[in-house]
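Have a look at the structure below, then the notes.
2 protein chains.
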Amino acid sequence: MTSTNGPPDTPLTPDFYHYDWNALVSVRLFDATVSVGWADGTTLDCYSLWLAENAHGLGVEPKSREGMIDPADLPAPSDLVDATVGPDGELVLQWDGGPVARVHPGWLRHVADGAHRPHSYLPARQTWTASDLPEPPTIDGSRVLDDPDVLTEWLTLLVRFGLARLSDTPADVDYLGELAARIGPIRDSNFGPVWSVRAKIDPDSTAYTGLNLGQHTDLPTRETPPGFQFLHCVENSCEGGWSRMTDGLAVAAELAANHPDAYEALTTLRWVFFNRSVDDDHRWSGPIIDRGGPGQPLTLRAFYPVRAFPDMAPADVPRAYASLRRFSEVAHDPRFQVRYPFRVGDLVGFDNRVVLHGRDSFDPVSGARHLRGCYIDHDDVFSRLRVLRRRATATTT
Amino acid sequence: MTSTNGPPDTPLTPDFYHYDWNALVSVRLFDATVSVGWADGTTLDCYSLWLAENAHGLGVEPKSREGMIDPADLPAPSDLVDATVGPDGELVLQWDGGPVARVHPGWLRHVADGAHRPHSYLPARQTWTASDLPEPPTIDGSRVLDDPDVLTEWLTLLVRFGLARLSDTPADVDYLGELAARIGPIRDSNFGPVWSVRAKIDPDSTAYTGLNLGQHTDLPTRETPPGFQFLHCVENSCEGGWSRMTDGLAVAAELAANHPDAYEALTTLRWVFFNRSVDDDHRWSGPIIDRGGPGQPLTLRAFYPVRAFPDMAPADVPRAYASLRRFSEVAHDPRFQVRYPFRVGDLVGFDNRVVLHGRDSFDPVSGARHLRGCYIDHDDVFSRLRVLRRRATATTT
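Line order of the protein sequences matches chains A and B.
For the first sequence, my numbering assigns the number 2 to the initial residue and increments by one for each residue that follows.
For the second sequence, my numbering assigns the number 2 to the initial residue and increments by one for each residue that follows.
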């Protein structure tokens, strides 16, 4: 299939997406950089070697459309000797002694527009408090396995709020795995790819008791904790056990604004998180509010059951504990916390690195309560959602 | 099982490991901190709330041995009213109106010795060049599935050098999955949990051609690329296709010392890595040499086939490309690069985030070449190796 609105011999792009044809009106080559321009005044500076890497007949492996030139084997930057606008508004390039290459101007335009960047095709994250979200954003999940539009709508809510619920899904223990297969690879752990949450006689985690669980994030014992968590209620006749969610972005903002000493301690003082189960010895040292490195997202490491050792100067330990107490108070403040029952057939997804989840205590002998859970990392949810949201426009081969 | 050398009523620890009994000789409580001392002069300052979280009968959930007190519900720091040395050298604590708790002095000692920190029970990483390692560190793999000592030895080499080989394993396509099950959960991706590397008619990656592959790391399109990669040769009658490995720690050190401009560009200028396959849209923006945030390990993002867009000011792009060329030259310098054939039955593990791997071209019609591959993240390899290396001492229940 070729572009619906390009010329008959539309140049191939270095990926498999469709780009609207968007003819260039100007091209100028100066000092190994090609400046291209469109009629609306938009311009893009393209370095010669970047064009070489992305040109079919030169840098692109034709079947995978990946780059195939090791950087050491790239031409000299000055080997690009001519650049012109072609008859249909495409970019035409001539390398010294090499091939002529034609570049799709709509593909160039998506770079000029910034649509090549990682946040593209994803909704912006909206911070929320209890007054913004009296309950999790919810859609009818009865058709989500079969209707990509329903999946798109739900994942869009999930990425926008870090929290989204499907109602009316089948109460089938295998259902969550089927849904995950529509999204992407499961993030496996020592709990297995899909796990059950219910009270156990010999719990290897406090999750497997009927205890109250304070607002927390799972697996802070890992360098990168699991991105999204999904919990599917397949059975619930117990009293109690309501779910609670708090947006960690709102908690962090509240702490930064009104409790700056606590915020400073929470973002800088490190703890060793340590998984205590018999056959695992996971450990990671980091702060409770981990702002990461440049360009990295926020990660909260807030799970007291595995927060094991202060990794800081002894003099800092008292204020570290004071900051934990403050964090917990804000995380449990009804102003920030959404609280709701888990109904059979409900399936809740949330950003495990930023949205804190908790549970009221329940009485394991009052009935049966069975949740199925799994993790899927940010990378894989974001990839699926980009693909779904781009699908409105046809792919080109 | 109780400690082999503690008193008959050895206090339980907040984990399931054995700790040698190591009697305290001094205890002093001052300002909510207990300073404990041993006969050799070692001391440890223990904040009262940290002791509360780790004391059986107070903060420890007895079956999972995880903490069970939300920080908001912890006692006041001053509620610890007395601390003494017990009759067997244990720490005895009295909370105001609360229980008496006894704390294992050997467990306290492992904290004083720093053995609670994440690097514990792991070998230190050794940087290497081709003269240090003429070939990958190799052990006989024929018994690795059945003998934990062989697995321990191999994983120790893998963590120490970021590269270790098993020879003489069965040439069975299912073998790698069996071995992975001895280590930990596989890191799944759009390539599947265990994948085959061989030339394909319609490759969705340059790996699936017979092309030369320059020194690289896999999946820089992910926020945290897979930690360790494992490649198992189950068939190889092709000419060519030798493997090449380069320690990225040595490359980074060489660049920092002798090419500081390139090093500066490689560690600061960002690229968008973009997975081009039809049904995935993975993206991440980061530098080639990603030093991460505080406390995070080095990650190299060095895979030109998916390095798609400069994410930097246009004026920086020329020096960014110059730095890529320099990086590649150093990564392919024979001084740094180990090169060796892939024999049937060889199974090579390497740190995918730091050790660059590459492959000479091979002729897909000269024979058959079939590798099986999978990823296991650092977290899971480190956890398994800590457990194996601690196993020399018995666990206590």
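Just so you know, even glycine gets a beta-carbon here, dropped at the ideal spot from N, CA and C.
_Please report whether the beta-carbon of B/V318 lies at a distance below 7 Å from any beta-carbon of chain A._
Chain A, which has a Cβ nearer than 7 Å to the Cβ of B/V318, makes this yes.
*Report the option in B/L177, B/I290, B/P138, B/N213 whose CA atom is closest to the CA atom of B/L164.*
Nearest of B/L177, B/I290, B/P138, B/N213 to B/L164, Cα basis: B/P138.
_Spatially closest choice to A/G98 from A/T85, A/A77, A/T34, by CA coordinates_ = Of all alpha-carbon atoms in A/T85, A/A77, A/T34, the one lying nearest the alpha-carbon of A/G98 is that of A/A77.
*Neighbouring residues, chain B, relative to A/Q406 (Cβ below 7 Å)*: Nothing can be reported for residue 406 of chain A, as the shown portion of chain A is limited to 2 through 398.
*Using 10 angstroms around the beta-carbon of A/D147, count the other beta-carbons present and answer buried if the total reaches 16, otherwise exposed.*
Classification of A/D147: exposed, given that the 10 Å Cβ count is below 16.
_Tell me the DSSP secondary structure of B/R392 in three-state form._
Of the three classes helix, strand and coil, the one that applies to B/R392 here is coil, per DSSP.
_Taking the alpha carbon of B/R271 as the reference point, which residue from A/R391, A/R166, A/R118 has its own alpha carbon closest?_
Ranked by Cα distance from B/R271, the options A/R391, A/R166, A/R118 are led by A/R118.
*Report the partner residues of A/S36 according to the DSSP bridge assignment.*
DSSP, once it has assigned bridges, lists A/R29, A/D46 as partnering A/S36.
_I need the DSSP call for B/Y18, collapsed to helix, strand or coil._
In the structure shown, B/Y18 sits in coil (DSSP, three-state: anything other than H, G, I, E or B).
*Would you mind working out which of A/P12, A/R308, A/Q216, A/H371 sits nearest A/S238, comparing C-alpha positions?*
The residue from A/P12, A/R308, A/Q216, A/H371 with its alpha-carbon nearest to that of A/S238 is A/H371.
*Given that A/R66 touches chain B, what residues does it touch there, using C-beta distances under 8 Å?*
Result: R277.
*Does any CB atom of chain B fall closer than 7 Å to the CB of A/S4?*
Unreliable placement is indicated for A/S4, whose pLDDT of 44 sits below 50; no coordinate value is reported for it.
*asked:* Taking its Cβ as the centre, do 16 or more other Cβ atoms sit within 10 Å of A/F328, making it buried, or is it exposed?
replied: A/F328 counts as buried, since at least 16 other C-beta atoms from the protein chains shown sit within 10 angstroms of its C-beta.
*Can you find a C-beta in chain A that's less than 7 Å from the C-beta of B/A257?*
The beta carbon of B/A257 does not come within 7 Å of any beta carbon belonging to chain A, so the residue lies off that interface.
*Verify the CB distance criterion: does A/A125 have a CB-CB separation below 7 Å to chain B?*
With 7 Å as the cut-off, A/A125 does not count as an interface residue toward chain B.
*asked:* If you reduce the DSSP assignment to three classes, tell me which class B/Y122 lands in.
replied: In the structure shown, B/Y122 sits in coil (DSSP, three-state: anything other than H, G, I, E or B).
*Report the neighbours of B/G99 on chain A: residues whose CB is nearer than 9 Å to its CB, in chain order.*
None at all; the shortest Cβ gap to chain A is about 17 Å.
*Along the beta strand (DSSP E) that carries B/P342, what are the first and last residues, could you check?*
Counting along the chain, no beta strand (DSSP E) covers B/P342, and no H or E run does either.
*asked:* So that I know if they touch, is there some Cβ in chain B lying closer than 7 Å to that of A/R370?
replied: Chain B, which has no Cβ nearer than 7 Å to the Cβ of A/R370, makes this no.
*Classify A/P63 as buried or exposed, calling it buried when 16 or more other Cβ atoms lie within 10 Å of its own Cβ.*
The Cβ neighbour count for A/P63, taken over all protein chains shown within 10 Å, is under 16; the residue is labelled exposed.
*asked:* Does the contact criterion of 3 or more C-beta pairs under 8 Å hold for the stretch 113-127 of chain B versus the stretch 374-388 of chain B?
replied: Contact between the stretch 113-127 of chain B and the stretch 374-388 of chain B is present, because at least three Cβ pairs lie under 8 Å.
*Considering only C-alpha positions, which residue in the set B/R391, B/T11, B/T218, B/G374 is nearest to B/D189?*
Out of B/R391, B/T11, B/T218, B/G374, B/G374 has the C-alpha closest to the C-alpha of B/D189.
*asked:* With distance defined between alpha-carbon atoms, name the residue in B/T210, B/P227, B/P149 nearest to B/A182.
replied: It is B/P149.
*Proximity below 7 Å, CB of B/D16 to CB of A/R302*: Cβ atoms of B/D16 and A/R302: not closer than 7 Å.
_Quick check on DSSP: helix, strand or coil for B/T269?_
Residue state, collapsed to three classes: helix.
*What does B/R326 reach in chain A if we use C-beta pairs closer than 8 Å?*
Here the neighbours are P72, A73, L75.
*When the Cα atoms are used, what is the spatial distance from B/D41 to B/A24?*
B/D41 and B/A24: Cα-Cα distance of roughly 11 Å.
*Take every Cβ of the stretch 216-236 of chain B, pair it with every Cβ of the stretch 340-356 of chain B, and state whether three or more of those distances are shorter than 8 Å.*
The stretch 216-236 of chain B, when compared against the stretch 340-356 of chain B, does touch it at the 8 Å Cβ threshold.
*What residue does the beta strand (DSSP E) around A/G359 start on, and which one ends it?*
Boundaries of the beta strand (DSSP E) harbouring A/G359: 356-360, taken from the DSSP string.
_Does chain B have any CB closer than 7 Å to the CB of A/E224?_
Look at A/E224: its C-beta is under 7 Å from a C-beta on chain B.
*asked:* Please report whether the beta-carbon of A/R284 lies at a distance below 7 Å from any beta-carbon of chain B.
replied: A/R284 belongs to the set of residues whose beta carbon lies under 7 Å from a beta carbon in chain B.
*Is the stretch 64-84 of chain A close to the stretch 106-116 of chain A, with three or more CB pairs under 8 Å?*
No, the stretch 64-84 of chain A does not touch the stretch 106-116 of chain A.
_Rounded to the nearest angstrom, what separates B/L81 and B/V382 at their Cα positions?_
About 40 Å.
*asked:* Cβ closer than 8 Å: which chain A residues qualify as neighbours of B/Y322?
replied: What B/Y322 touches in chain A: Y48, L50, W51, P72, L75, P78.
_Assigned secondary structure, B/L156 (DSSP; H/G/I helix, E/B strand, else coil)_ = Here B/L156 sits in helix by DSSP.
_Any C-beta of chain A within less than 8 Å: which residues of the stretch 173-187 of chain B qualify?_
The stretch 173-187 of chain B vs chain A, Cβ under 8 Å: G185, P186, I187.
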